[in-house]
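According to this note's numbering, the residues represented by the sequence shown are 804 to 1249, in order.
Right, one structure below, let's go through it.
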Amino acid sequence: MTSSSDHPLPMTFNGAPPLSGSVTVPGDKSISHRSLMLSALSVGESRVEGLLEGEDVLATAAAMRAMGAQINRDSDGIWHIKGVGVGGLLQPQTALDMGNSGTSTRLLMGLIASHAITATFTGDASLSKRPMGRVTEPLSRMGASFTSSPGDRLPLTMRGACPAVPLDYRLPVASAQVKSAILLAGLNTPGVTRVIEPIPTRDHSERMLRGFGAELEVEVEADGTRIITLRGEAELRPQTIAVPGDPSSAAFPIVAALLVPGSKVTVGNVGLNATRAGLIDLLREMGGNIVIDNPREVGGEPVGDIVVTASDLKGVEPDPARAPSMIDEYPVAFIAAAFAEGRSIFRGLEELRVKESDRITTMAEGLRAIGVTVEELEDGIIIEGTGGALLPGGGPIATKLDHRIAMSFAVAGLISKSGVTIDDMRPVATSFPGFTTLLQKLGAMP
804 MTSSSDHPLP MTFNGAPPLS GSVTVPGDKS ISHRSLMLSA LSVGESRVEG
854 LLEGEDVLAT AAAMRAMGAQ INRDSDGIWH IKGVGVGGLL QPQTALDMGN
904 SGTSTRLLMG LIASHAITAT FTGDASLSKR PMGRVTEPLS RMGASFTSSP
954 GDRLPLTMRG ACPAVPLDYR LPVASAQVKS AILLAGLNTP GVTRVIEPIP
1004 TRDHSERMLR GFGAELEVEV EADGTRIITL RGEAELRPQT IAVPGDPSSA
1054 AFPIVAALLV PGSKVTVGNV GLNATRAGLI DLLREMGGNI VIDNPREVGG
1104 EPVGDIVVTA SDLKGVEPDP ARAPSMIDEY PVAFIAAAFA EGRSIFRGLE
1154 ELRVKESDRI TTMAEGLRAI GVTVEELEDG IIIEGTGGAL LPGGGPIATK
1204 LDHRIAMSFA VAGLISKSGV TIDDMRPVAT SFPGFTTLLQ KLGAMP
């Protein structure tokens, strides 16, 4: 499966027999992006095992190569990165094509902001609709300048500042990408850069920056606000990194196993960072039988094997404050809610409207198309569950080039009467190239 073809790749997913077996999912996308970037800013060679080899992460690798890093993959799947050191990024000779990756774009803007280079970012049709102002605004305060398309969108050209100006910045929205962009800019900025985070978001950047040798401290206030302080002009040391399985990708086999009657599935080696574990908490509240086996720590990140047994789920109204810990998992959580008993009400999800698609509207339209009763809210959605009755099915579902929409409705197809047709499965290659192969291994597809 690839998104390089110009032709859509429609696919129909039908009702499945009980799922069983043990599987692993691709490496964590957030950690994979950051592994490449921080290795490229180290002096010496880093080794990365388990890197997600989806198109988004490969876009990051290509960009770091374009700015001087030597990046190669050996025959054993180990990635070797020889860095240029903080401050050593070179002027890219061509535009940096980010494909569909908002993470690559926003984090690389942070890296470049404190280097004396100019870079142009381009992307596909979906990425070109996503606003970048939430990143360009604080980076402009640090001295970078931007020329963007209308609405702060791609294509966008930026000119970094060296020396950049250290910044004290309180995040106006909960966004790990904005936080990370500022911290990455702070690496080559003299003095102290400080980010104040009222609502905690995924903390991979903080963990990895410390692991690579940056002087970074996190202070947590009584109300939960996190104050992250980074001393600039850092010297990063090369590392050996084992990337755990991506919890956002694990969400799809986890939910499938919960919903398809009679299923029992183990998803091995999944990252269990508390800032990413919101979906597990939500599914347990709904009545899901989910057990963490063999908990351990790998490279500073908690990891475990997730054992899932099919369960009768009940509707839920989760606390909106949970949103940052499962922001990418809401689409498949909506599928679980559609199969649950009773009503589920999800609020506080404004962030979903500026993802690869407007995920609230796109999911609402898709759910209606397969026979689910939903009400779209400005900041969320209300879903009337079937109480375990098979979804009617239908389609084709308009995925809007959004990989998580495609995979979520694929899961819906496994609990449908007549199957669910997806208009285009190509976007799945951005984060989960082996998705359909994994479903086949579990017995979901012929």
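Each residue gets a CB set at the ideal place from its N, CA and C atoms; glycine is no exception.
Which partner residues of residue i appear in the DSSP bridge assignment?
i, result
"residue 961", "922 and 949"
"residue 1133", "BP columns for residue 1133 are empty, so no partner."
"residue 1165", "In DSSP, residue 1165 forms no bridge with anything."
"residue 1092", "1112"
"residue 830", "1048"
"residue 932", "Beta-bridge pairing links residue 932 to no other residue."
"residue 1105", "1100"
"residue 1225", "814 and 1200"
"residue 900", "925"
What did DSSP end up calling residue i once you bin it into helix, strand or coil?
i, result
"residue 1243", "helix"
"residue 1069", "strand"
"residue 1149", "strand"
"residue 940", "helix"
"residue 816", "strand"
"residue 1128", "helix"
"residue 851", "strand"
"residue 821", "coil"
"residue 1005", "coil"
"residue 1014", "helix"
"residue 838", "helix"
"residue 1194", "strand"
"residue 1170", "helix"
Along the chain, where does the alpha helix (DSSP H) containing residue i start, and where does it finish?
i, result
"residue 906", "905-916"
"residue 1187", "Segment 1183-1187 is the beta strand (DSSP E) holding residue 1187; no alpha helix (DSSP H) there."
"residue 1084", "1081-1088"
"residue 867", "858-869"
"residue 1214", "1206-1216"
"residue 987", "979-989"
Over the uninterrupted beta strand (DSSP E) stretch that includes residue i, give me the two end residues.
i, result
"residue 873", "873-876"
"residue 883", "882-885"
"residue 1180", "1176-1180"
"residue 1155", "Element bounds for residue 1155: n/a, residue is neither H nor E."
"residue 1019", "1019-1023"
"residue 1199", "1197-1200"
"residue 1000", "995-1000"
"residue 756", "The first residue shown for the chain is 804 and the last is 1249, placing residue 756 beyond what the model contains."
"residue 846", "Segment: none, residue 846 is in no beta strand (DSSP E) and carries neither H nor E."
"residue 971", "971-973"
So residue i and residue j are in contact, right, with Cβ under 8 Å, and what is the actual spacing, rounded?
i, j, result
"residue 1101", "residue 1147", "With 8 Å as the limit, residue 1101 and residue 1147 do not qualify as a contact, their Cβ atoms being about 34 Å apart."
"residue 945", "residue 970", "5 Å"
"residue 816", "residue 1213", "5 Å"
"residue 855", "residue 871", "In fact, because the Cβ distance is near 23 Å, the residues do not count as touching under 8 Å."
"residue 1048", "residue 1072", "5 Å"
Measure from the C-beta of residue i to each C-beta in chain D and report whether the shortest distance is under 7 Å.
i, result
"residue 1084", "Among the chains of the structure shown, chain D does not appear; only one protein chain is present."
What are the uninterrupted segments assigned as beta strand (DSSP E) that are 3 or more residues long and contained completely in the stretch 1040-1064, given in chain order?
1043-1045, all fully within the stretch 1040-1064.
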